[in-house]
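Student: Numbering (the working numbering), first residue to last: 579 to 1539.
Quick one: this structure, given as structure tokens, is what I'll be asking you about.
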RNA sequence: GCCUUGGUGGCGGAAUUGGUAGACGCGCUGGAUUCAAAAUCCAGUGCUGGCAACAGCGUGUGGGUUCGAUUCCCACCCAAGGUACCA
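In structure tokens:
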């Protein structure tokens, strides 16, 4: 059946080709593209080998998640740009690595499995197949022999292996790097915790060597978890009791679950975390060493959020406890009028007085209903409650009331703040709302209306020994004083939190851990991969365990070192295995290294391959990954570097963010409470609801095909349509392309109609690569015309006709200017303007009737990265046996590029203008003299003498009166 | 709310980074070719007024700096991405 269709469609194509030739309608892109795609596949043109004799260049796209909707025209944008660079670099003589693969673990496949029972592996496999077919049609020069899939055991084996390495490591602040946990154990044996400067949990106790040795094996294991770079800890999650599962923030809408609308609450759960905070400082400073977009670096800086200030301890009245707060403004310590704790703060319950207990409990419960984002964004909404308890000011011993407020987050700093209403706007609002005192400690500043937050112009007052000091001086003095009396010290905190690594999901990498007496034990590297088990249900179990709780074979036998049935669990030799899986970002945090040696089954990548390819030279992907993937990947790369597993600290030298291609959604307007749809022009003043309609049913002039609409969705069958001028006109809006908005444009359809080369060039022509822009198929004819025109340069009618005679100087100028412009544009990633340059060149050569080999041959190589198929065909028509990919890139001859003269516009008060043609070889003085002598200058100046003439060489002549 | 980016003709966008705003393409208008259509080629096309030469206005809004601002500064409006378990 499939074969028949293929033959039929190819027969139709052949007929079309025939028609095209007869009528001269366009070049036969369909045959050409199939021919050369088959050629490249058969000759393995893009298979890359390590070659010591050539400089390497590694171009990488962020690999896609293979969704069920297939590729839409937005996906290839970055792939086309990177492919152009890859092909360009090959012409330039580099050994180019340009791989592709799939980030194939993910939530959608799992949700589809929950709904249909279809195993995610099957869905994923068929989605990948579809993606590959679509990708192949666009002529990408990927080296598919290195394909990776994160859900493939041969890949996730190494993801699990990296997890083990993290588990077996701790972070040494002395050497400022990760070290094997065995070395920490050795140190504990020698001298206990004294002398160890490690990143560890806040509540880590101090131990002597003797005390360490006295601990039981389990207690030692528990102790080490405080140091491991991946560790178990209590973390808050969105828990949905009705669904019995944890939800992503994404799946929670206004406090209830997106699916089903069930209530969601914050709840603590024991989960794996990654100690990314250990790397906070290196993640921050490392940004200065990589060529990534400045805005993206800024986002990462803000995300890491380093703050320098002080840690201050407050004694509590009638208690021997101390509350520790972090503040960036220790200079305002005398302005403190209350403390605020996060509702989740662990001491809330103990501190609260008996009479306040009920009110506090209610408030804490209410807060659990609110998401963190809501708590931060609803600034106007002030809420809080008094605990009844008082702290004592560390320097004055004055009583300071302790409040609870949900604007304080448990996860940041210590989960408690000292409130200085005169110096912090949120504290000010809180104080005003609850009638708490506001003490002014700033000299000559009015704080009756708002807080004064200007550090630069701060002069402290009412603060005993700090009076008259600036922010910097006061800060230093307070820290000194606090240190002396043991109530605080200088401190730095980061906004960056450790990354939660557990997911209560099926479709992810199993965590290679089993539990002995509740203590996690690693499965040895040699027994990996730990293969994802089969389950009958992809939902969490009835008692709230993750989906892997449904697996019947999910126990580790330490005598056989393999997975066995749960029935064998005996807690002596057979133990339960971790039921959570890894998050989506695990597999994507190191894949760029795997491409260097994708088929290696002995190691994640060989030393040779890593030493040769080192890092990605150019990485392309969306800026939406700024604070997720791109931060996690940097973290893992630093870690691997610390363990000498990779040769470089930065996995990608240069990064480009490509913008999204938006769909142009189409809307029909339904008159409310009726089945009548109004054409767009008739809606004014009526109550209408816009309804998405499929964009394929709408013409370029926004006219809706009503007959097709009625067929498309049955509920339109008996609807009424009110037309204007006999047409139904839809509304348009640019939105993210998605299946549910019916605005997806499939690249296959574009390739069918216009060819892959046109598609590639049009996507580049749409606008700057970094910018989001709407897709509009109508504009594609311009690019299509250009390629046809380019093809015709080589042809006289249907005959290939290229001459060997000397071309005119004019044509040589066109060629060399284009080489110059296009080369520059590629190097600056301004691919839209380079397409314009090709169009201009083709128009010029066409009107010069230029079909000389000396012009067309280099031009073909120049265009090859953009439109590889047509250029391969023309290259072979020009008589070459080798693929054009082996051709050397043309170099611009400056002789033809330089202008003989340049025009200098002269403006006078923005009113009078004239243009002076001057040779560029003139010096600054000569130009100035020429301007002064120019007769017209005198005339236009109306008898006034110019005060000065500003001459900027190669720019403009400026006369100031 | 906070962080980042963007806002230029009917549309996508260009502008050597402070120097003739609107390159290139789409669309539109007129013409050539054709029995006709498609395709192709030529000319025009920011808005307003004018037969025209020309004049006025014009880069989200309001201010500012400058001989000169799409570009720099301040305030605001709108849109997009992220906001820690979507990918």
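Backbone N, C-alpha and C define an ideal beta-carbon position, used for all residues, glycine too.
Below 7 Å CB to CB, which residues in the same chain sit around residue 1025 once its five sequence neighbours on both sides are set aside?
Tutor: Start at 1 with the first residue of the first chain, and residue 1025 comes out as number 447. The answer, listed in chain order, is 1000, 1016, 1018.
Student: Looking at residue 1257 and residue 1193, is the spacing between their C-beta atoms short of 7 Å?
Tutor: Here residue 1193 corresponds to residue number 615 of the first chain, with the count starting at 1. Here residue 1257 corresponds to residue number 679 of the first chain, with the count starting at 1. Taking 7 Å as the Cβ cut-off, residue 1193 and residue 1257 do not qualify as a contacting pair.
Student: State buried or exposed for residue 1003, treating a residue as buried only when at least 16 other CB atoms are found within 10 Å of its CB.
Tutor: By one-based count along the first chain, residue 1003 stands at place 425. So residue 1003 ends up on the exposed side.
Student: To which residues does DSSP link residue 835 through a beta bridge?
Tutor: Locating residue 835 in the first chain gives position 257, where the first residue counts as 1. BP columns for residue 835 point to 830.
Student: From the DSSP secondary-structure annotation, give me the bridge partner or partners of residue 801.
Tutor: As a working note, residue 801 is residue 223 in the first chain. Looking at the DSSP assignment, residue 801 forms no beta bridge with any residue, so it has no partner.
Student: Grab me the residues of residue 1404's own chain with a C-beta within less than 6 Å of its C-beta, minus the 5 sequence neighbours each way, in chain order.
Tutor: Locating residue 1404 in the first chain gives position 826, counting from the first residue. The residues are 666.
Student: Could you tell me which residues DSSP puts in a beta bridge with residue 654?
Tutor: Start at 1 with the first residue of the first chain, and residue 654 comes out as number 76. DSSP, once it has assigned bridges, lists no residue as partnering residue 654.
Student: Less than 7 Å between the C-beta atoms of residue 677 and residue 714, yes or no?
Tutor: Taking the first residue of the first chain as 1, we reach residue 677 at position 99. Taking the first residue of the first chain as 1, we reach residue 714 at position 136. Cβ atoms of residue 677 and residue 714: not closer than 7 Å.
Student: Pull up the distance between the alpha-carbon of residue 886 and that of residue 1053, whole angstroms please.
Tutor: Stepping through the first chain from its first residue, residue 886 is reached at position 308. Stepping through the first chain from its first residue, residue 1053 is reached at position 475. Distance between the alpha carbons of residue 886 and residue 1053 is about 11 Å.
Student: By alpha-carbon positions, which one of 1466, 1084, 1339, 1100 ends up nearest to residue 1118?
Tutor: Position 540 of the first chain, counted from the start, is the residue given in the question as residue 1118. Closest option to residue 1118, Cα to Cα, is 1084.
Student: Is residue 626 a contact residue of the ligand ATP, with contact defined as CB to any heavy atom under 6 Å?
Tutor: The model on display carries no ligand, and the ligand ATP is accordingly not part of it.
Student: Alpha carbon to alpha carbon, what distance is there between residue 1089 and residue 1126?
Tutor: Counted from its first residue, the first chain places residue 1126 at position 548. Counted from its first residue, the first chain places residue 1089 at position 511. Residue 1126 and residue 1089: Cα-Cα distance of roughly 11 Å.
Student: Go ahead and label residue 655 buried or exposed: buried means 16 or more other beta carbons lie within 10 angstroms of its beta carbon, across all protein chains shown.
Tutor: In the first chain, residue 655 corresponds to position 77, counting from 1. So residue 655 ends up on the buried side.
Student: Going straight from the alpha carbon of residue 1401 to that of residue 1379, what length do you get?
Tutor: The residue you call residue 1401 lines up with position 823 of the first chain. The residue you call residue 1379 lines up with position 801 of the first chain. Answer to the nearest angstrom: the Cα atoms are 27 Å apart.
Student: Identify, in the order they occur along the chain, each residue of the same chain with its Cβ nearer than 7 Å to the Cβ of residue 1398, setting aside the five sequence neighbours on each side.
Tutor: One-based indexing of the first chain puts residue 1398 at position 820. Result list for residue 1398: 1470, 1475, in chain order.
Student: Using the rule of at least 16 other Cβ atoms within 10 Å of the residue's Cβ for burial, across every protein chain shown, is residue 816 buried or exposed?
Tutor: Sequence index remark: in the first chain, residue 816 carries index 238 (1-based). Under this definition residue 816 is a buried residue.
Student: Looking at the structure shown, is residue 849 part of a helix, part of a strand, or coil, going by DSSP?
Tutor: In the first chain, residue 849 corresponds to position 271, counting from 1. If DSSP states are grouped into helix, strand and coil, residue 849 belongs with the strands.
Student: Thinking C-beta only, is residue 1385 closer than 7 Å to residue 1428?
Tutor: Indexing the first chain from 1 puts residue 1428 at position 850. Indexing the first chain from 1 puts residue 1385 at position 807. For residue 1428 and residue 1385, yes; Cβs fall inside 7 Å.
Student: For residue 672, which residues from the same chain have a beta carbon less than 8 Å from its beta carbon, with the 5 sequence-adjacent residues on both sides left out?
Tutor: To locate residue 672, count along the first chain from 1; it is residue 94. Same-chain partners within the cutoff: 632, 633, 634, 635.
Student: Shortest alpha-carbon distance to residue 731 belongs to which of 699, 1435, 760, 1065?
Tutor: As a working note, residue 731 is residue 153 in the first chain. Per the Cα distances, 699.
Student: Residues in the same chain with beta-carbon distance under 8 Å from residue 855, minus the five sequence neighbours each way, listed in chain order, please.
Tutor: Residue 855 sits at position 277 when you count from the first residue of the first chain. The answer, listed in chain order, is 777, 1072, 1074, 1075, 1076.
Student: Where in the segment 964-1051 do unbroken runs of the alpha helix (DSSP H), each at least 4 residues long, occur, reported from the N-terminal end onward?
Tutor: If we require 4 residues or more, the alpha helix (DSSP H) runs fully inside the segment 964-1051 come out as 1003-1012.
Student: Based on Cα-Cα distance, which residue from 945, 939, 965 lies nearest to residue 959?
Tutor: Looking up residue 959 in the first chain gives position 381. Ranking the options by Cα distance to residue 959, first place goes to 945.
Student: Using only alpha-carbon positions, find the residue among 1132, 1353, 1347, 1311 that is nearest to residue 554.
Tutor: Since the first residue of the chain shown is 579 and the last is 1539, residue 554 is not available in this structure.
Student: Return helix, strand or coil for residue 1192, following the three-state DSSP convention.
Tutor: In the first chain, residue 1192 corresponds to position 614, counting from 1. Three-state result, residue 1192: coil.
Student: Give every residue of the same chain whose Cβ lies closer than 6 Å to the Cβ of residue 1210, excluding the five residues on either side of it in the sequence, and list them in chain order.
Tutor: Residue 1210 sits at position 632 when you count from the first residue of the first chain. The answer, listed in chain order, is 1163, 1167.
Student: Assuming residue 1441 is part of the alpha helix (DSSP H), what are its boundary residues?
Tutor: Translated into positions along the first chain, residue 1441 becomes position 863. Element bounds for residue 1441: 1431-1441.
Student: Should residue 1087 be labelled buried (16 or more other beta-carbon atoms within 10 Å of its own) or exposed?
Tutor: For the purposes of this step, residue 1087 is identified with residue 509 of the first chain, where counting begins at 1. Buried, because 16 or more other Cβ atoms sit within 10 Å of the Cβ of residue 1087.
Student: Beta-carbon within less than 7 Å of residue 697's beta-carbon, same chain only, minus the 5 sequence neighbours each way: which residues are those?
Tutor: For the purposes of this step, residue 697 is taken as residue 119 along the first chain, with counting starting at 1. Result list for residue 697: 691, in chain order.
Student: State whether the segment 1040-1054 contacts the segment 920-936, with contact taken as three or more CB pairs (one from each stretch) at a distance under 8 Å.
Tutor: Output reads no: the segment 920-936 does not touch the segment 1040-1054.
Student: With a CB to CB cut of under 7 Å and the five nearest residues on each side skipped, what residues in its chain are close to residue 1478?
Tutor: The residue labelled residue 1478 in the question sits at position 900 within the first chain. A caution first: residue 1478 carries a pLDDT of 49, below 50, which makes its placement in the model unreliable, though a value can still be read off. Here the set comprises nothing.
Student: Please report the residue range of the beta strand (DSSP E) in which residue 887 lies.
Tutor: Residue mapping note: residue 887 aligns to position 309 of the first chain, counting from 1. Per DSSP, residue 887 belongs to the beta strand (DSSP E) from 884-894.
Student: Quick check on the DSSP output: the beta strand (DSSP E) that includes residue 1248 runs from which residue to which?
Tutor: To locate residue 1248, count along the first chain from 1; it is residue 670. Per DSSP, residue 1248 belongs to the beta strand (DSSP E) from 1239-1249.
Student: Cα-Cα, which of 1079, 1419, 1391 is closest to residue 1160?
Tutor: Walking along the first chain from the start, residue 1160 turns up at place 582. Checked all of 1079, 1419, 1391; the closest Cα to residue 1160 is 1079.
Student: Rounded C-beta distance between residue 1439 and residue 1343? I'm assuming under 8 Å.
Tutor: The residue labelled residue 1439 in the question sits at position 861 within the first chain. The residue labelled residue 1343 in the question sits at position 765 within the first chain. About 20 Å; that fails the 8 Å criterion.
Student: Under 8 Å, with one C-beta from each stretch per pair, do the segment 1056-1072 and the segment 1131-1140 reach the 3-pair mark?
Tutor: The segment 1056-1072, when compared against the segment 1131-1140, does not touch it at the 8 Å Cβ threshold.
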